[in-house]
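Asker: Dumping the structure here so I can ask a few things about it.
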Amino acid sequence: MVMAVAFTRYGKLYYLDPGEHSPRVGDKVLVPTDDGPEVAECVWAPQWVSEDVDGLPVCAGTATEEDLERDERNRRRRGEARVVARRLIRDHGLPMKIVGVDFVDTREDVDQLITIYFSAPQRVDFRELVRDLARTLRARIDLRQLGPRDEARVQGGVGPCGRETCCSTFLKDFEPVSIRMAKDQDLPLNPLKISGACGRLMCCLKYEHPLYQDFKANVPSLGCGVETDEAEGTVVGYNVPSETVYVRDRETGRRVACPKASVCGSRQAYEGAVADGMRPTPDVPNGDDHQTTTDSQEQP
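Okay, so the sequence shown: first residue is 5 according to our numbering, each after it adds one.
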């Protein structure tokens, strides 16, 4: 069984194994984390799924009144830390942007730890800022600088496809994406159209790139002449998802959609061999069940 929870209203969903618990939608439950159990809201009640899902964290049970009070204190503490950090950054004149704040008060090695995630165009000397933050907030301060992709992962957002960004939902590791992938997919090389919320090339450019590579490796290039049952002319375009090649008919000038199999080199070579009577005959296996007949008559 699988259930889904969210730490904030309309926030990112996290999937859990309900274990022996059966919370309903809207119930507050405890989610195990590296810094101890945290309170989250049940968004999807436990339900059976058709596939086996292993490795999910197990729900730690329903949140008590003490857990809810602690969670509310931590929320206020995170909000206070964000306001103080922004004010001190402005006072120090540092080119920093606060991305997120985490507050931990249950770790064994420290009483209170405030982790502040920030982005900056370059490396920042924040030693004076850390001292002022620790003195004002009376807690241990951990400042962590994030890159553009990690910043987009933390903040979340909606991509050009209308869905939530991949980095904030299911992507765990960022794989390299190059402009060559956009060229191979015949996409416009306009940075505004092939860049994500982070300002870098969209991660989804890598998803279909192997499909385009395999397709273009087996079809004639643009401008090549081809002969098919549908048309005889020049290749003028492709439709990779439907495995279609567009051919400009030499006689009529029409743009005809032809299946990939009708223009690929291996298919044409095969049909040419069959037309010339060069199709190889299958070998007949040796055995007692196979007899060879001749025109000569059997001798008495």
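Quick reminder that beta carbons are idealized off the backbone N, C-alpha and C, glycines included. All values reported here derive from a predicted model rather than from experimental measurement.
Helix or strand or just coil, what does DSSP make of N78?
Answerer: helix
Asker: Which value, in whole angstroms, describes the spacing of the CA atoms of G257 and V249?
Answerer: Distance between the alpha carbons of G257 and V249 is about 15 Å.
Asker: Taking the DSSP output, what are the residues bridged to Y121?
Answerer: G104, R148
Asker: Would you identify the three-state DSSP class for S266, choosing helix, strand or coil?
Answerer: helix
Asker: Going by Cα to Cα distance, which pick from R167, L196, Y211, V158 is closest to V181?
Answerer: Minimum Cα distance to V181 is reached at Y211.
Asker: Could you pull out every residue in the same chain whose Cβ sits closer than 6 Å to the Cβ of A89, ignoring the five residues on either side in sequence?
Answerer: Counting only residues of its own chain and dropping the five nearest sequence neighbours on each side, A89 has a CB closer than 6 Å to the CB of I102, I120.
Asker: To the nearest angstrom, report how far apart A156 and T238 are at their CA atoms.
Answerer: 45 Å
Asker: Indicate the three-state DSSP secondary structure (helix, strand or coil) for P50 in the structure shown.
Answerer: strand
Asker: Measuring alpha carbon to alpha carbon, tell me which of K264, L147, V6 ends up nearest D323.
Answerer: Here the chain has residues from 5 to 304 only, and residue 323 is not among them.
Asker: Between R81 and F107, which are expected to be in contact by the criterion C-beta below 8 Å, what is the C-beta distance as a whole number of angstroms?
Answerer: Correct: roughly 5 Å between the Cβ atoms.
Asker: Quick check on the DSSP output: the beta strand (DSSP E) that includes D136 runs from which residue to which?
Answerer: Not the beta strand (DSSP E): D136 falls in the alpha helix (DSSP H), residues 131 to 141.
Asker: Per DSSP, what kind of secondary structure is Y18 in: helix, strand or coil?
Answerer: Strand at Y18.
Asker: What does DSSP give as the partner residues of E168 in its beta bridges?
Answerer: According to DSSP, E168 bridges with V162.
Asker: Per DSSP, what kind of secondary structure is D253 in: helix, strand or coil?
Answerer: strand
Asker: Taking M185 as part of the alpha helix (DSSP H), name the residues at either end of that continuous run.
Answerer: 183 to 188
Asker: Rounded to whole angstroms, what is the Cα-Cα separation between V251 and A235?
Answerer: 7 Å
Asker: Taking the alpha-carbon positions, what's the D58 to P36 distance?
Answerer: Between D58 and P36, the C-alpha separation is close to 16 Å.
Asker: Nearest-angstrom Cα distance between D71 and D109?
Answerer: So the two alpha carbons sit approximately 12 Å from each other.
Asker: Do P152 and G203 have their CB atoms nearer than 8 Å?
Answerer: yes
Asker: Among T12, Y19, L92, V53, whose alpha-carbon lies nearest the alpha-carbon of D75?
Answerer: Closest in alpha carbon position to D75, among T12, Y19, L92, V53, is T12.
Asker: How about R86 and V105: do their beta carbons lie closer than 8 Å?
Answerer: Yes; because the gap between Cβ atoms is below 8 Å, this pair is in contact.
Asker: Tell me L205's beta-bridge partners as DSSP assigns them.
Answerer: S199
Asker: Using a Cβ-Cβ cutoff of less than 8 Å, which residues in the same chain neighbour E1 once the five nearest sequence positions on both sides are dropped?
Answerer: Here the chain covers residues 5 to 304 and nothing more, so residue 1 does not appear.
Asker: List the residues that DSSP assigns as beta-bridge partners of D260.
Answerer: Asp is not the amino acid found at residue 260; the sequence shown has Val there. DSSP, once it has assigned bridges, lists V251 as partnering V260.
Asker: Apart from the five residues on each side of it in sequence, which residues of its chain come closer than 8 Å, Cβ to Cβ, to K197?
Answerer: P164, L191
Asker: Have a look at V128, P41, A124, R142 and flag the residue whose alpha-carbon is nearest the alpha-carbon of I118.
Answerer: R142
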